[in-house]
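Heads up, my numbering is the position in the sequence shown plus 248, with the first residue counted as 1.
Glycine is no exception: its CB is placed at the ideal position from the N, C-alpha and C atoms.
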Amino acid sequence: MTSATLLVELLTEELPPKALPRLGETFATKIAEGLKARGLAPTDAAFRTFASPRRLAVTVAQVASEAAAKEVTEKLMPVSVALDAEGKPTSALLKKMEAKGIAADAFVGFERRMDGKAEALFHTAMVPGAKLADVLAGIVQDAIKALPIPKVMRWGDGDATFVRPVHKLTLLHGADVVPGRVLDLDSGRTTRGHRFMSRGDIDIATADAYEPTLLAEGKVIPSFAERRADIERQLLAEAAKQGALLNEYADLLDEVAALVEHPTVYVGEFEAEFLAVPQECLILTMRANQKYFPLFDGAGKLLNRFLIVSNMRVADPSNIVAGNARVVRPRLSDARFFFEQDKKQTLEARLPRLAPVVYHNKLGSQLERVERVEALAGAIAAQLHGDVAAAKRAARLAKADLVTDMVGEFPELQGIMGRYYALADGEGQVVADAIQAHYQPRFAGDALPAGNVAAAVALADKLDALVGFFGIGMVPTGDKDPFALRRAALGVLRILIEAPLPLELPKLIDTAAGGFKPGLLTTEDFSAQLQDFMFERLKNLLRETGRDGAVIDAVLALKPARIDLVPAKLAAVEAFRALPEAEALAAANKRIVNILKKAEGTPGEPDFALLQEEAEKALFRQVVEVAPLVRSHVANEDYTDALCALAGLRAAVDQFFEDVMVMAEEPLTRQNRFALLAQLAGLMNQVADISRLSA
């Protein structure tokens, strides 16, 4: 039995760049797991992941050629079935033993022990360990099956399928080739390097020599992480040399690292006249189409220079630089043409073109949606005491850029181009800014729309979508959310809670629903369903901030209408929870909730004249005394003071439950005690359901 590093490599045609990191990680992890599961590698064995445009590979340390034998005990059958009355094996046991290759006289050594309620026979034997040569091909096949590949392809005359054609399979254990066949390929030690800079076929001497051999002879950096880090280092160094900044580049860096095997960064340039085009258009053109890294000055303004990550390192890069400049020029010219052409028609004039554009077959056209959002944005702006006319104007024009040439070419620019075109049309700055901001926040961490006008339009846009789709029963299920309703809900919640805005969520939903034609929203009670959906999103959002789950549950259990007040209520509950009286009051509240479930009908107001025990009279007096103070604090949004005021009730509550039998036989007495407890519960739960704090 020998132990050495194992190398597995699939040499392929160019793999999908955006999927490459995940393909590499999954491939390596599954192979390492397969080896460990069969005892061929220690559970803590280190492995290295390699993923480049033309290869998936892994090296695993300390892999044995054969796993150690191990003792295995298995249940054969119940004793009642295995042995006859004289203790001899039955035909059933003999057949079982024959099938497992156990000697006929070995039954005398079987162990008898209880298995559940019946006694059973167990057989223990030493089982040889798995041999690497026998199982490695299967492990690789299993890893391939586990890869996140949505579509596979066939090539040549074989039946093998993979995301791209596979040309070579390398299986090396130390210096030895492990025999095996995967994807119609026999294993070997030969691979290939860079398409143009490599010396051709390369023999890998040992598994440990894989990475340095590929780098030296194949001109390939096989590690995705190291290749990415090398590109980033070169980009930052070249940007600094140019006296420029890269701004956001992480997502493009990942993609480019999956496109090259031997990266080298060069500087390109385009004519300064193109800078008259909105820089977002030029940036998107360079990043999306050409995979270039735009350069910016200290103020974030685009420069007419960019960085190219080439897959070639040459002494004189002038041809590479000139070629890339020549390729990007028509792209920039197209962007300039689209911009100039689009400005010839105002956003207002484009609105009729939204009429034939279907938003959803049950919810009408984009133009009908624009009319709903316009009215809703005006209503929200009025509640915020904002500029109603500006909000309605921005909402009216917000979707007009969808029918421009620029957005048709680059959908990612919707809203952004709307702002530029609005300014070109002479619209006010507030209107133009709201047009761009109405899509915000588009993702976690994205900026919120600034100002009441932009917030009103953004809320209206998202609420119209939420109400519309919930109203026709198109609710997200599982991981399916084709209309991005989760994102819309989170956007509404973030705007309300972070801006913050003093708006009531149920009223917003009702106002949005009122904008749809009668009979269009067919789902019964969709409003309650939508609120539940949004509170579930809010719960997750708050948990991501590190808030305690019980505190969040206590506040959201009351489904507060004003989301902007939730942070203050959370802080109040946290402060209350730190009080020595909190645990006892929470437990008492929980007990009260359970008792009130037994009440007959809805308890009314407690009558002091019907109170009999001194403890219930004392509690009544305490509630009457504290209630105005708590309500005053709640009205002033002093939630911490409101909850802390409850601390004084603890002694009276404890004494009540010690001395008073709530479930009295006399109906009037019992109902009066229900009423007292209901009044107490209402007082205690002004800010949050504190029973949720009880374990």
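Closest Cα partner of residue i within the set the options
i, options, result
"residue 362", "488, 430, 325 and 619", "325"
"residue 800", "461, 818, 812 and 594", "818"
"residue 435", "385, 481, 348 and 456", "385"
"residue 834", "936, 739, 748 and 763", "936"
"residue 647", "599, 610, 693 and 636", "599"
"residue 501", "455, 909 and 558", "558"
"residue 396", "275, 909, 900 and 824", "275"
"residue 372", "307, 582 and 320", "320"
"residue 705", "717, 683, 719 and 556", "683"
"residue 781", "575, 664 and 725", "725"
"residue 770", "746, 804, 787 and 721", "721"
"residue 429", "408, 440 and 931", "408"
"residue 794", "815, 858, 809 and 778", "815"
"residue 602", "617, 609 and 610", "617"
"residue 840", "868, 748, 930 and 893", "930"
"residue 413", "504, 892, 492 and 261", "261"
"residue 894", "870, 776, 631 and 702", "870"
"residue 281", "768, 940, 383 and 406", "383"
"residue 422", "590, 613, 458 and 696", "458"
Residue i, buried or exposed, once every other Cβ within 10 Å from all chains shown has been counted against 16
i, result
"residue 641", "buried"
"residue 197", "Because residue 197 is not part of the residues shown, which for the chain are 249 to 943, the question remains open."
"residue 689", "buried"
"residue 266", "exposed"
"residue 742", "buried"
"residue 605", "exposed"
"residue 225", "Residue numbering for the chain in the displayed model covers 249 to 943; residue 225 lies beyond these limits and cannot be assessed."
"residue 623", "buried"
"residue 667", "buried"
"residue 298", "buried"
"residue 708", "buried"
"residue 719", "buried"
"residue 774", "buried"
"residue 700", "buried"
"residue 881", "buried"
"residue 809", "exposed"
"residue 510", "buried"
"residue 686", "buried"
"residue 374", "exposed"
Rounded C-alpha distance that separates residue i from residue j
i, j, result
"residue 390", "residue 278", "8 Å"
"residue 571", "residue 593", "36 Å"
"residue 333", "residue 342", "16 Å"
"residue 471", "residue 350", "49 Å"
"residue 474", "residue 561", "17 Å"
"residue 829", "residue 850", "29 Å"
"residue 933", "residue 875", "12 Å"
"residue 765", "residue 587", "37 Å"
"residue 836", "residue 902", "8 Å"
"residue 914", "residue 883", "38 Å"
"residue 427", "residue 256", "12 Å"
"residue 263", "residue 506", "8 Å"
"residue 379", "residue 354", "27 Å"
"residue 519", "residue 555", "15 Å"
"residue 270", "residue 442", "22 Å"
Per DSSP, cross-strand counterpart(s) of residue i
i, result
"residue 436", "418"
"residue 369", "325 and 360"
"residue 840", "DSSP, once it has assigned bridges, lists no residue as partnering residue 840."
"residue 608", "612"
"residue 318", "375"
"residue 516", "554"
"residue 430", "433"
"residue 652", "Residue 652 pairs with nothing; no bridge assigned."
"residue 299", "304"
"residue 450", "439"
"residue 380", "Paired residues: none, contrary to the question."
"residue 691", "DSSP lists no partner for residue 691."
"residue 425", "420"
"residue 409", "402"
"residue 257", "305 and 418"
"residue 311", "252"
Residue i CB to nearest heavy atom of the ligand SAH below 7 Å
i, result
"residue 607", "The ligand SAH is not among the ligands present in this structure, which contains no ligands whatsoever."
Output the residue ranges of the alpha helix (DSSP H) runs that lie fully inside the stretch 710-759 and measure 4 residues or longer, sorted by chain position. 733-746
Enumerate, from N- to C-terminal direction, the unbroken alpha helix (DSSP H) stretches of 4 or more residues contained entirely within the stretch 466-514. 472-489 and 498-505
Taking only runs that begin and end inside the stretch 623-677, name each unbroken alpha helix (DSSP H) of 4 or more residues, in chain order. 636-645, 653-657 and 664-672
Can you list, in chain order, the stretches of the beta strand (DSSP E) that have 3 or more residues and sit fully within the stretch 521-566? 541-544 and 550-558
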